[in-house]
Amino acid sequence: MFEESSNIRSKIIKAALKCASEVRWKKVSLLMIAEEVDLPLAEIYKHFPSKLAVVGALLERSTDLIFSRDEPYSSNEPVHDRLLDNILKRFEILEEDKQAIVSIVKDTKFDPLANLFLAPKLFNSMAQTLEKSGINSSGLVGMMRIKGVTVIYLMAFNIWMHDNSPDLEKTMAFLDRRLKQAVQIASVLPLPIIEKR
């Protein structure tokens with residue numbers, strides 16, 4: 117039953133992305149998504165009560181896909197390299213549906229309700245990214261790490277939206293520079309913001 121529900125949710129998300137790649141996200145309706153995926157509107161509402169819920173699921177899906185690529189890291193690998201790699205993987209995943217993602221972001225980023233709904237999901241996503249990189253995200257220090265990497269991610273996201281360079285070179289260069297700066301700043305703070313492992 118859970119697998120069937122998960123499969124339906126996945127189809128709805130794909131249909132939403134297809135719609136968003138064809139028209140502005142603000143013009144997409146749940147009815148349009150239902151027609152695209154060939155499901156009754158009532159079935160869409162069972163899984164996603166609003167378009168905003170679909171956007172939240174998209175954010176969670178990118179995190180799930182990163183975790184499905186379970187590559188081990190060497191304990192000797194620098195924190196910067198692990199974190200850079202995992203954030204870049206997120207952009208590589210988003211790249212597959214870039215036109216749709218850009219359409220969605222443009223029509224939600226200035227929406228206060230959308231920001232209120234999506235912020236906790238984004239923080240949770242960044243916490244999981246830190247943990248996958250071998251960085252503790254718990255406690256007060258963990259929250260500072262989450263907020264710091266979220267700011268860097270959002271700045272990099274703005275670069276990525278306009279990045280047509282091969283292999284996302286502009287996004288990678290920006291991330292690399294900002295993460296190095298963050299490590300340097302954190303190293304002089306009284307709290308252990310960056311773990312030395």
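Take 117 as the starting number for the sequence shown in this note's numbering and just add one per residue.
By construction, the Cβ of each residue, glycine as well, lies at the ideal position given by its N, Cα and C atoms.
Beta-carbon of residue i versus every beta-carbon of chain B: anything under 9 Å?
i    : result
V218 : Included in the structure is just one protein chain, with no chain B present.
Can you check which of these residues, the options, is closest to residue i by C-alpha distance?
i    : options                : result
G264 : I182, L291, K162, L232 : L291
V267 : A243, Q215, I149       : A243
D154 : W141, L175, A132       : A132
Q215 : K134, E120, N192       : K134
M288 : N252, D197, G255       : D197
M260 : L270, T179, F239       : F239
I217 : I149, W141, L147       : W141
R293 : I275, T179, S281       : I275
E176 : N192, T245, E285, E120 : T245
H278 : V221, S249, K143, I251 : V221
V299 : L157, I251, P282       : I251
Starting from residue i, follow the alpha helix (DSSP H) in both directions and report where the run begins and ends.
i    : result
H163 : 157 to 163
W141 : Looking at the DSSP string, W141 is not in any alpha helix (DSSP H), and its letter there is neither H nor E.
I251 : Where I251 is concerned, there is no enclosing alpha helix (DSSP H), given that its DSSP letter is neither H nor E.
K205 : 195 to 211
D180 : 167 to 184
K222 : 214 to 222
L284 : That residue, L284, is in no alpha helix (DSSP H); it is neither H nor E in DSSP.
Considering only the beta carbon of each residue, do residue i and residue j sit closer than 9 Å?
i    : j    : result
L295 : L210 : no
S219 : A136 : yes
G172 : L234 : yes
S249 : I262 : no
L174 : L157 : no
Inset, instruction - Would you check if there are 3 or more beta carbon pairs closer than 8 Å linking the region 124 to 134 to the region 203 to 210? - result: Counting Cβ pairs under 8 Å, fewer than three are found: no touch.
Inset, instruction - Could you tell me whether the region 222 to 238 touches the region 161 to 176, using the rule of 3 or more Cβ pairs below 8 Å? - result: The answer is yes - the region 161 to 176 touches the region 222 to 238, with three or more Cβ pairs under 8 Å.
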